[in-house]
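S.K.:
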Amino acid sequence: MARTRWTIGNWKQNLLRGAAEELATAVVSDLPEPVAEGGKQVRVGIAPSFVALDVLRPWVRPQGPLFLFAQNVAAQEEGAFTGEVGPDMLRDAGVHGAIVGHSERRTLFGETDTTVARKVKLALEADLRVVLCVGEGLEVRESGNHESFVISQLSAALSQLPHELMNERLILAYEPVWAIGTGKTATPRDAAAMHRSLRAWMEKHFGSAGADRSILYGGSVKPNNAAALMAVGDVDGFLVGGASLEAEAFLQIVRLVVSAA
Ligand code: 13P
C-alpha cells in the first residue's frame, strides 16, 4: 500500500484566535482534492496553539478536510502536573494527534529522549497520531555524525513502544535544526540520504509496519523548494513552519505534495 502523504502546518506560538480562524478559512476555501494521482492518500493537518484548537473545529475530520494536531502533549496521563495537557484531554477535545519531540521543545524547554519516548507511547496508547520529530544541529552536521545522531534519537524515542502500536498513527518528521526558520534547507540529496537511513532503521526494527510509516521533511520548506524535495523517493510530505502562516504559500506546498509523482 502506498504511504500516506501529509502536509502539516506547525503554527508555533503565532496567531491570536481571530487570526487563526481567518487563516484556516483561507486555507480550507482553496484546498485541492485530497487524493493524489494514482489514488495515493493525501492528508492535510494544522497544529495551532492549544487555545486556538477549538477555532479549527468546523473543518476537522471526519466531516471536514483537516486533521488537527496539538504542538505538544504531556508525558504523563493525568494528575498534579500544572500547565500540562494530557493525551486523553486532547482526544476529548477532538484533536487527532500531537507533534512530539520538536527541536524547539528539546533545545529551549529541555525535553530529553526519555521524555519524548514517554510522550510517544502515551499518545499512541490514547489513539492519537504522533508526529515524532528528529534532527541534528549544525555542529553535529558539520562533524559528519548526523546519521548516527538522528538514528539514536529515533531509537530512543521508540524504545518504549510495543510493536502493536507501530501503525499509521505514527508519522516521522526529519527536521534538521540548522534548517528551521533559517532559510537554509537540506538539499534533496541530504534529505534523501537521511530519510533512506530512517526508513531502513524502521524496517530493521519493526518490519514492514515500520517501513511503511510516512516520513516528512521539515526546515524552511517553501513553495520554491517543495517540488525538488518531494521528488526524493523517501519524502512523504512536509512539516511546515513559517510558510504555513501564509495561506497561499501553504496551499502551494499542499498542491505540490498532491501532484508529485
Ligand atoms: P520553518 O518551516 O519555519 O523552518 O519551521 C520548520 C518547523 O520547525 C516545522 O515544525
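Numbering (the working numbering), first residue to last: 192 to 452.
Just so it is clear, CB atoms sit at the ideal spot from N, CA and C, and this is done for glycine as well.
Tell me where the beta strand (DSSP E) around Gly288 begins and ends.
M.R.: Counting from one through the sequence shown, the residue named residue 288 turns up at place 97. Note, Gly288: beta strand (DSSP E), 288–291.
S.K.: Is DSSP giving Arg332 helix, strand or coil here?
M.R.: In the sequence shown, the residue the question calls residue 332 occupies position 141. The three-state reading of DSSP puts Arg332 in helix, counting H, G and I together.
S.K.: Give the straight-line distance between the Cα atoms of Asn263 and Val291, rounded to the nearest whole angstrom.
M.R.: Along the sequence shown, read from residue 1 onward, the residue named residue 263 stands at position 72. Along the sequence shown, read from residue 1 onward, the residue named residue 291 stands at position 100. About 6 Å.
S.K.: What would DSSP say about Leu214, mapped onto helix, strand or coil?
M.R.: Counting from one through the sequence shown, the residue named residue 214 turns up at place 23. In this structure, Leu214 counts as helix in the three-state DSSP scheme.
S.K.: Relative to the ligand 13P, is the shortest distance from any of its heavy atoms to the C-beta of Glu355 smaller than 7 Å?
M.R.: Here the question's residue 355 lines up with position 164 in the sequence shown. No - the ligand 13P has no heavy atom lying nearer than 7 Å to the Cβ of Glu355.
S.K.: Please give me, in chain order, every unbroken run of the alpha helix (DSSP H) with length at least 4 that falls completely inside the stretch 351–411.
M.R.: At a cut-off of 4 residues, the continuous stretches assigned as alpha helix (DSSP H) that sit fully inside the stretch 351–411 are 379–402.
S.K.: I'd like to confirm something about Ala434: is its beta-carbon nearer than 7 Å to some heavy atom of the ligand 13P, or not?
M.R.: One-based indexing of the sequence shown puts residue 434 at position 243. Answer for Ala434: yes, Cβ within range of the ligand 13P.
S.K.: Considering only residues of the same chain and omitting the five flanking positions on each side of Val246, which have a CB-CB separation below 6 Å?
M.R.: Against the sequence shown, residue 246 aligns to sequence position 55. Setting aside the 5 residues that flank it on each side, Val246 is surrounded in the same chain by Arg208, Ala211, Glu212, each with a C-beta closer than 6 Å to its C-beta; the list follows chain order.
S.K.: Going straight from the alpha carbon of Ala266 to that of Glu439, what length do you get?
M.R.: Position 75 of the sequence shown, counted from the first residue, corresponds to residue 266. Position 248 of the sequence shown, counted from the first residue, corresponds to residue 439. Ala266 and Glu439: Cα-Cα distance of roughly 35 Å.
S.K.: Does the beta-carbon of Ser405, which I'm using as the reference point, lie nearer than 7 Å to any heavy atom of the ligand 13P?
M.R.: To locate residue 405, count along the sequence shown from 1; it is residue 214. For the ligand 13P, not one heavy atom lies less than 7 Å from the Cβ of Ser405.
S.K.: If distances are taken between C-alpha atoms only, which option among Ser334, Val368, His354, Leu313 comes closest to Cys324?
M.R.: Taking the first residue of the sequence shown as 1, we reach residue 324 at position 133. Looking at the Cα atoms, Val368 is the closest of the given residues.
S.K.: Can you list the beta strand (DSSP E) stretches of 3 or more residues lying completely in the stretch 228–269, in chain order?
M.R.: Look at the stretch 228–269 and you find these whole runs of beta strand (DSSP E), each 3 residues long or longer: 233–238, 257–261.
S.K.: Looking at C-alpha atoms only, which residue of Ala417, Ser240, Gly288, Val426 is the closest neighbour of Val445?
M.R.: Along the sequence shown, one-based indexing puts residue 445 at 254. Among Ala417, Ser240, Gly288, Val426, the Cα nearest to that of Val445 is on Ala417.
S.K.: Would you kindly check if the distance between the Cβ of Leu389 and the Cβ of Leu345 is under 8 Å?
M.R.: Within the sequence shown, residue 345 is the residue found at index 154, counting from 1. Within the sequence shown, residue 389 is the residue found at index 198, counting from 1. Yes, Cβ-Cβ distance for Leu345 and Leu389 is below 8 Å.
S.K.: So Val233 and Val448 are supposed to be a Cβ contact under 8 Å. How far apart are they, rounded?
M.R.: On the sequence shown, position 42 is the one that residue 233 refers to. On the sequence shown, position 257 is the one that residue 448 refers to. At roughly 6 Å, the Cβ-Cβ gap stays under 8 Å, so Val233 and Val448 are in contact.
S.K.: Is Leu214 near the ligand 13P - that is, is its Cβ less than 7 Å away from at least one heavy atom of it?
M.R.: Stepping through the sequence shown from its first residue, residue 214 is reached at position 23. No, since every heavy atom of the ligand 13P falls outside the 7 Å radius drawn around the Cβ of Leu214.
S.K.: In angstroms, rounded to a whole number, what distance separates the CA positions of Val321 and Ala348?
M.R.: In the sequence shown, residue 321 corresponds to position 130, counting from 1. In the sequence shown, residue 348 corresponds to position 157, counting from 1. Approximately 11 Å between the Cα atoms of the pair.
S.K.: Considering just the uninterrupted stretch of the beta strand (DSSP E) at Phe272, what are its terminal residues?
M.R.: Walking along the sequence shown from the start, residue 272 turns up at place 81. No beta strand (DSSP E) contains Phe272, which DSSP labels as neither H nor E.
S.K.: Rounded to whole angstroms, what's the CA-CA distance from Leu244 to Met421? Just pull it up for me.
M.R.: Residue numbering aside, residue 244 sits at position 53 when the sequence shown is read from its first letter. Residue numbering aside, residue 421 sits at position 230 when the sequence shown is read from its first letter. Using only the alpha carbons, I get a separation of about 29 Å.
S.K.: Between Gly372 and the ligand 13P, is the CB less than 7 Å from at least one heavy atom?
M.R.: Here residue 372 corresponds to residue number 181 of the sequence shown, with the count starting at 1. Checking every heavy atom of the ligand 13P against the Cβ of Gly372, one is found closer than 7 Å.
S.K.: Please name the residue or residues paired with Trp197 in a DSSP beta bridge.
M.R.: Residue 197 sits at position 6 when you count from the first residue of the sequence shown. Arg234, Gly428, per the DSSP bridge assignment.
S.K.: Is Ser411 near the ligand 13P, in the sense that its beta carbon is under 7 Å from a heavy atom of that ligand?
M.R.: Position 220 of the sequence shown, counted from the start, is the residue given in the question as residue 411. With a cut-off of 7 Å, the C-beta of Ser411 is classified as near the ligand 13P, since at least one heavy atom of the ligand falls inside that distance.
S.K.: Determine the contact status of Ala289 and Phe260, defining contact as a CB-CB distance below 8 Å.
M.R.: Locating residue 289 in the sequence shown gives position 98, counting from the first residue. Locating residue 260 in the sequence shown gives position 69, counting from the first residue. In contact: Ala289 and Phe260 (Cβ atoms closer than 8 Å).
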